[in-house]
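Novice: Numbering (our numbering), first residue to last: 194 to 631.
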RNA sequence: GGAGAGAUGGCUGAGCUGGUCGAAGGCGCACGACUGGAAAUCGUGUUCACGGGGAACCGUGACGAGGGUUCGAAUCCCUCUCUCUCCGCCA
């Protein structure tokens, strides 16, 4: 499990590493085309295929020239030894060297174009993902618990938290800006208790090994998991550096094994981290409360598994995330995302949505995805199916277990009392050292 | 941030007065021999990517990354990244 060796080389510089498998574009272009069209992506396959055929023509040319050059070079020492004149040969080889240089230059430009296209093309959805164009086409697959009916007018969590003086958005706006929050007193303790509770659930009752990752990651890592190059505007980049604030622990934890061959599978990790998102394009949405902040806490589950097992592992992952909500006694439902709502790197995703009284609907609190070999291919993460066998790409999965801020919001709203206090979920009472927040 | 040392295959470790070096040796691993079976021992084999081909196979590239010198670079030069040691600074 930890025999993995991390090599230090920027993976995206590998000349031949492509994300979406270019061999699929070559051999089953129609299938790839159909799959990508399901999620609204058109025209890429044709572009890549055209560049690919140009590329191969050039490769044949330059390699033939190089073979000639190598053959001639090989004779140089012998000829010199025999006292023959090699200047004429050198003249000739010099010309070939120029041709080679020109072709290689053209080739590297085409390579760059292909790499950029492949890096910017999303994953193909699994066969069993329902087709659709937006979240309206997602499919509810499960419901747990029932939304509580209140015998008083329930308040949104920002009003509850502000009244109890455990949340403070105004001060955060002054200190930092919009979409940030302070938690205070029991609010702060609740945040901390939840992080511990979630990690303990996954690592003591579940199979996950805890990881505490860096909160910044390199550009190469952001590429590896698929946040870049396409979604630059969603990420916070630290000025004058190539570091990005992580939008999720998925980035550092998945990239722990970048450029490596895992000796033992599966590998399961649970990691707490703060998460940072620019939320570009969501201006005006969820402007109040804890739902959509630039910084929030999350416990993330990350899995590296054998290809044949990833579908089953996704089901287990969802169950692991659900368990947290069940123990907290929060009503939720599970929806399967349609092709049009899938994240960039995902082939199949289940969202878990918690009941949020103020929204009068279910709100996403976890997103569990199977990426198949999409991330593994980008990040070059492999395993051996048997000792001595050729390394193959692993499958990666991850899911929130859970978003902590949204869990706080759900607890405040679902367990609020008529007197303005909030009942603490039973499983948190020891850690909170109180049964009620008031 | 300053000074120095280093980065080679799954691991370890030679090569670094430029040319049969994809790279010795060792370990590990695979197969075979020996054995009732195993250990030990012996033998053989064991990088990856890309391209061509139905295939056997052939070719090209890769010694941290990028660029340069050269007919030819693991070997020489430049830039960058990372690691280690010492110093400075700092939770």
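Using N, Cα and C, we set each Cβ at its ideal position, and we do this for glycine too.
Which same chain residues, not among the five before or five after residue 345, have their C-beta less than 8 Å away from its C-beta?
Specialist: Taking the first residue of the first chain as 1, we reach residue 345 at position 152. Excluding sequence neighbours, residue 345 sits near 611.
Novice: Could you say which of 620, 475 and 491 lies nearest to residue 404 if we only look at CA atoms?
Specialist: The count along the first chain starts at 1 and reaches residue 404 at position 211. It is 491 whose Cα lies nearest to the Cα of residue 404.
Novice: Taking 8 Å as the cut-off, decide whether the C-beta atoms of residue 445 and residue 406 are in contact.
Specialist: Taking the first residue of the first chain as position 1, residue 445 is located at position 252. Taking the first residue of the first chain as position 1, residue 406 is located at position 213. It is a contact, given that the beta carbons lie within the stated cut-off.
Novice: Considering only the alpha carbon of each residue, which of 474, 441 and 432 lies closest to residue 466?
Specialist: Along the first chain, read from residue 1 onward, the residue named residue 466 stands at position 273. Considering only alpha carbons, the answer is 441.
Novice: Under 8 Å between the Cβ atoms of residue 527 and residue 234?
Specialist: Residue 527 sits at position 334 when you count from the first residue of the first chain. Residue 234 sits at position 41 when you count from the first residue of the first chain. Here residue 527 is not near residue 234, since their CB atoms are 8 Å or more apart.
Novice: Give every residue of the same chain whose Cβ lies closer than 6 Å to the Cβ of residue 577, excluding the five residues on either side of it in the sequence, and list them in chain order.
Specialist: For the purposes of this step, residue 577 is identified with residue 384 of the first chain, where counting begins at 1. Result list for residue 577: 584, in chain order.
Novice: For residue 333, which three-state DSSP category applies?
Specialist: Position 140 of the first chain holds residue 333. Strand.
Novice: Starting from the C-beta of residue 388, find all residues in its chain whose C-beta is less than 7 Å away, skip the five residues before and the five after it, and write them out in chain order.
Specialist: Sequence index remark: in the first chain, residue 388 carries index 195 (1-based). Counting only Cβ-Cβ distances below 7 Å, and skipping sequence neighbours, we find 465, 490, 492 and 597.
Novice: Cβ atoms of residue 222 and residue 535: under 8 Å apart, would you say?
Specialist: For the purposes of this step, residue 535 is taken as residue 342 along the first chain, with counting starting at 1. For the purposes of this step, residue 222 is taken as residue 29 along the first chain, with counting starting at 1. Against a cut-off of 8 Å, the Cβ pair of residue 222 and residue 535 comes out as no contact.
Novice: Quick one: what's got a C-beta closer than 7 Å to residue 458's C-beta in the same chain, skipping five residues either side?
Specialist: Stepping through the first chain from its first residue, residue 458 is reached at position 265. Taking residue 458 as the centre and dropping the five residues before and after it, the same chain places the C-beta of 497, 498, 499, 576 and 587 closer than 7 Å to its C-beta, in chain order.
Novice: Would you mind working out which of 237, 304 and 416 sits nearest residue 569, comparing C-alpha positions?
Specialist: Taking the first residue of the first chain as position 1, residue 569 is located at position 376. Comparing Cα positions, the closest option is 416.
Novice: Below 8 Å between beta carbons: does that hold for residue 644 and residue 412?
Specialist: Past the edges of the chain, shown from 194 to 631, lies residue 644, and the structure says nothing about it.
Novice: Going by C-alpha distance, which of 468, 356 and 624 is nearest residue 408?
Specialist: The residue labelled residue 408 in the question sits at position 215 within the first chain. Out of 468, 356 and 624, 468 has the C-alpha closest to the C-alpha of residue 408.
Novice: Spell out the partners DSSP gives residue 420 in its beta bridges.
Specialist: Position 227 of the first chain, counted from the first residue, corresponds to residue 420. Its beta-bridge partners do not exist; DSSP assigns none.
Novice: Under a three-way DSSP split, which group does residue 584 fall into?
Specialist: In the first chain, residue 584 corresponds to position 391, counting from 1. DSSP places residue 584 in strand when its eight states are reduced to three.
Novice: Ignoring anything shorter than 4 residues or poking outside the region 517 to 580, list the alpha helix (DSSP H) runs there in chain order.
Specialist: 567 to 572
Novice: Would you say residue 630 and residue 614 are within 8 Å of each other, going by their C-beta atoms?
Specialist: Against the first chain, residue 630 aligns to sequence position 437. Against the first chain, residue 614 aligns to sequence position 421. It is a contact, given that the beta carbons lie within the stated cut-off.
Novice: If I'm right that residue 251 touches residue 299 with Cβ under 8 Å, what's the distance once you round it to whole angstroms?
Specialist: Indexing the first chain from 1 puts residue 251 at position 58. Indexing the first chain from 1 puts residue 299 at position 106. Contact holds; Cβ gap of about 6 Å.
Novice: Less than 8 Å between C-beta atoms, sequence neighbours within five positions excluded: which residues of the same chain meet that for residue 377?
Specialist: For the purposes of this step, residue 377 is identified with residue 184 of the first chain, where counting begins at 1. 358, 359, 360 and 361, listed in sequence order.
Novice: By DSSP, does residue 309 sit in helix, in strand, or in coil?
Specialist: If you number the first chain from 1, residue 309 lands on position 116. Three-state DSSP puts residue 309 in a helix.
Novice: How is residue 362 classed by DSSP in three states: helix, strand or coil?
Specialist: Mapped onto the first chain, residue 362 falls at position 169. Of the three classes helix, strand and coil, the one that applies to residue 362 here is helix, per DSSP.
Novice: Following the continuous alpha helix (DSSP H) through residue 443, name the residue where it begins and the one where it ends.
Specialist: Within the first chain, the letter at position 250 stands for residue 443. Per DSSP, residue 443 belongs to the alpha helix (DSSP H) from 443 to 448.
Novice: So does the region 253 to 266 actually touch the region 318 to 329, counting three or more Cβ pairs closer than 8 Å?
Specialist: Contact annotation: the region 253 to 266 does not touch the region 318 to 329, with fewer than three C-beta pairs closer than 8 Å.
Novice: So for residue 402, helix, strand or coil by DSSP?
Specialist: The count along the first chain starts at 1 and reaches residue 402 at position 209. Strand at residue 402.
Novice: In the DSSP assignment, what are the bridge partners of residue 589?
Specialist: Taking the first chain and counting its residues from 1, one reaches residue 589 at position 396. Paired residue(s): 497.
Novice: Is it the case that the Cβ atoms of residue 556 and residue 394 are separated by a distance below 8 Å?
Specialist: The residue labelled residue 556 in the question sits at position 363 within the first chain. The residue labelled residue 394 in the question sits at position 201 within the first chain. No. Outside cutoff.
Novice: Going by Cα to Cα distance, which pick from 540, 626 and 514 is closest to residue 633?
Specialist: An answer regarding residue 633 cannot be provided, because it is not within the stretch 194 to 631 covered by the chain.
Novice: Within a Cβ cutoff of 6 Å, which residues of the same chain sit near residue 563, ignoring the five residues on either side of it in sequence?
Specialist: To locate residue 563, count along the first chain from 1; it is residue 370. Hits under 6 Å: 503, 507, 540, 541 and 590.
Novice: At which residues does the alpha helix (DSSP H) containing residue 460 begin and terminate?
Specialist: In the first chain, the residue the question calls residue 460 occupies position 267. Unbroken run through residue 460 is the beta strand (DSSP E), 460 to 469; no alpha helix (DSSP H).
Novice: Please report the distance separating the alpha-carbon of residue 582 from that of residue 214.
Specialist: Against the first chain, residue 582 aligns to sequence position 389. Against the first chain, residue 214 aligns to sequence position 21. Each residue's Cα considered, the two are about 21 Å apart.
Novice: Mapping DSSP to helix, strand and coil, what is residue 616?
Specialist: By one-based count along the first chain, residue 616 stands at place 423. Three-state result, residue 616: strand.
Novice: Could you pull the DSSP bridge partners for residue 488 from this structure?
Specialist: The count along the first chain starts at 1 and reaches residue 488 at position 295. The partner list for residue 488 (beta bridge, DSSP) reads 469.
Novice: Does DSSP put residue 266 in a helix, a strand or coil?
Specialist: Here residue 266 refers to the residue found at position 73 when the first chain is read from its first residue. Looking at residue 266 - three-state DSSP - the assignment turns out to be helix.
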